[in-house]
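A short write-up of the structure that comes next.
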Amino acid sequence: MKGSHLALCMLLGFSANANAAGDPVAGKEKSAMCQGCHGEDGNSFSPEWPSLAGQIPHYLSKQLRDFQSGARKDPTMTSMVEGLSEEDIADIVAYFSSQKTKAEEGKLNNKGRKLYVGGNRYTNVPSCAGCHGPNAVGNGPAGFPRLAGQKAGYISKTLHDFRTEARTNDVNGMMQGVASKMSDKDIAAVSEYLATLDK
26 MKGSHLALCM LLGFSANANA AGDPVAGKEK SAMCQGCHGE DGNSFSPEWP
76 SLAGQIPHYL SKQLRDFQSG ARKDPTMTSM VEGLSEEDIA DIVAYFSSQK
126 TKAEEGKLNN KGRKLYVGGN RYTNVPSCAG CHGPNAVGNG PAGFPRLAGQ
176 KAGYISKTLH DFRTEARTND VNGMMQGVAS KMSDKDIAAV SEYLATLDK
């Protein structure tokens, strides 16, 4: 199972199309509507909302398009993005992806680190690092998101949503499969670990 996840990550890394580069200066102005939840510099002040600073551009673009198409469901986000053009999306993505991530302060969660780096062979949870990278900075060509410095509450909610299939816009159901094997304690440990990474 781990091999198939790694092979898919590599295949996607080589085959994904690059997004057109946007204008970060225009993106800062266009992102005014985003800043109330995600922060002026893309570092969210609430554990409920994701930080967008430093995020993989391809991933951010996909999420915005998925909200527009209904592939990812959230009433607030759907209404926020419905009028965005491709140029607007490219500019907003260019702005947020160029910002620096601010990690949460806290003690490194060693159980979370071990699970992130090595997975759990007893429960068949694959290593997160295989797709998201050893430092959790993501995989740009594949569109796998940066997780380092993300809010623990948001990571936890996202993993629970994948586990319960409340969120289904992941590539080939990969994250649904991974999260379905994770216990609540696993999710909490990985979430806490990732939130304190500052890369």
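So in this note's numbering, spot 74 of the sequence shown is number 99, and the numbers just go up one at a time.
Beta carbons are placed, not taken as given, at the ideal position from N, Cα and C, and that holds for glycine.
Quick caveat: nothing in here was measured; it's all calculated off a predicted structure.
Legend entry - Beta-ladder partner(s) of residue 150, from DSSP: Sequence index remark: in the sequence shown, residue 150 carries index 125 (1-based). Under DSSP, the beta-bridge partners assigned to residue 150 are 145.
Legend entry - Three-state secondary structure (DSSP) of residue 134: Taking the sequence shown and counting its residues from 1, the one referred to as residue 134 is at position 109. In the three-state DSSP reduction, residue 134 falls in the coil class, being neither helix nor strand.
Legend entry - Rounded straight-line distance, which links the Cα of residue 112 to that of residue 212: Residue 212 sits at position 187 when you count from the first residue of the sequence shown. Residue 112 sits at position 87 when you count from the first residue of the sequence shown. For residue 212 and residue 112, the distance between alpha carbons rounds to 36 Å.
Inset, instruction - Output the distance between the C-alpha atoms of residue 193 and residue 48, rounded to the nearest integer angstrom. - result: By one-based count along the sequence shown, residue 193 stands at place 168. By one-based count along the sequence shown, residue 48 stands at place 23. Taking the straight line joining both Cα atoms gives about 30 Å.
Legend entry - Stretch pair the stretch 135-152 + the stretch 200-220: three plus CB contacts closer than 8 Å: These segments touch.
Inset, instruction - Look at the alpha carbon of residue 53 and the alpha carbon of residue 116, and state the distance between them as a whole number of angstroms. - result: Translated into the one-based positions of the sequence shown, residue 53 becomes position 28. Translated into the one-based positions of the sequence shown, residue 116 becomes position 91. Distance between the alpha carbons of residue 53 and residue 116 is about 8 Å.
Legend entry - Cβ distance (whole Å) where residue 67 is taken to contact residue 121 below 8 Å: In the sequence shown, counting from the first residue as 1, residue 67 sits at position 42. In the sequence shown, counting from the first residue as 1, residue 121 sits at position 96. The Cβ separation is near 4 Å, so the contact holds.
Inset, instruction - Could you check how far apart the C-beta atoms of residue 178 and residue 72 are, in whole angstroms? I think they sit under 8 Å. - result: By 1-based counting over the sequence shown, the position of residue 178 is 153. By 1-based counting over the sequence shown, the position of residue 72 is 47. Their Cβ separation, rounded to whole angstroms, is 3 Å, which keeps residue 178 and residue 72 in contact under 8 Å.
Inset, instruction - For residue 150, I'd like the list of residues in its chain whose CB is within less than 8 Å of its CB, leaving aside the five on either flank, ordered along the chain. - result: Translated into positions along the sequence shown, residue 150 becomes position 125. Cβ within range, chain order: 140, 144, 203, 206, 207, 211.
Legend entry - Span of the alpha helix (DSSP H) around residue 171: Taking the sequence shown and counting its residues from 1, the one referred to as residue 171 is at position 146. First-last for residue 171: undefined, no H or E at that position.
Legend entry - Buried or exposed (CB count within 10 angstroms, at least 16 for buried), residue 209: Residue mapping note: residue 209 aligns to position 184 of the sequence shown, counting from 1. Answer is exposed; the Cβ neighbour count stays below 16.
Inset, instruction - Please report the Cβ distance between residue 221 and residue 128, rounded to the nearest whole angstrom; I am assuming they are in contact, meaning their Cβ atoms lie under 8 Å. - result: Within the sequence shown, numbered from 1, the residue matching residue 221 stands at position 196. Within the sequence shown, numbered from 1, the residue matching residue 128 stands at position 103. About 6 Å separates the Cβ atoms of residue 221 and residue 128, confirming a contact at the 8 Å cut-off.
Legend entry - For residue 200 and residue 185, the rounded distance between their alpha carbons: For the purposes of this step, residue 185 is identified with residue 160 of the sequence shown, where counting begins at 1. For the purposes of this step, residue 200 is identified with residue 175 of the sequence shown, where counting begins at 1. Their backbone Cα atoms lie some 10 Å apart in a straight line.
Inset, instruction - Compute the distance between the beta-carbons of residue 69 and residue 182, then report whether it is under 8 Å. - result: One-based indexing of the sequence shown puts residue 69 at position 44. One-based indexing of the sequence shown puts residue 182 at position 157. Not a contact, by the Cβ cut-off of 8 Å.
Legend entry - Straight-line Cα distance separating residue 130 from residue 86: Position 61 of the sequence shown, counted from the start, is the residue given in the question as residue 86. Position 105 of the sequence shown, counted from the start, is the residue given in the question as residue 130. The straight-line gap separating the alpha-carbon atoms of residue 86 and residue 130 is approximately 29 Å.
Inset, instruction - For residue 219, count neighbouring C-beta atoms within 10 Å of its own C-beta (all shown protein chains included) and say buried if the count is 16 or more, exposed if not. - result: The residue you call residue 219 lines up with position 194 of the sequence shown. Per the 10 Å Cβ criterion, buried.
Inset, instruction - Ignore the nearest five residues each way along the sequence and tell me which others in residue 43's own chain have a CB closer than 7 Å to its CB. - result: Along the sequence shown, one-based indexing puts residue 43 at 18. Interpretation of residue 43 is limited by its pLDDT of 41, a score under 50 that renders its predicted location unreliable; the figure taken from the coordinates is listed afterwards. Taken in chain order, the list of residues that qualify is empty.
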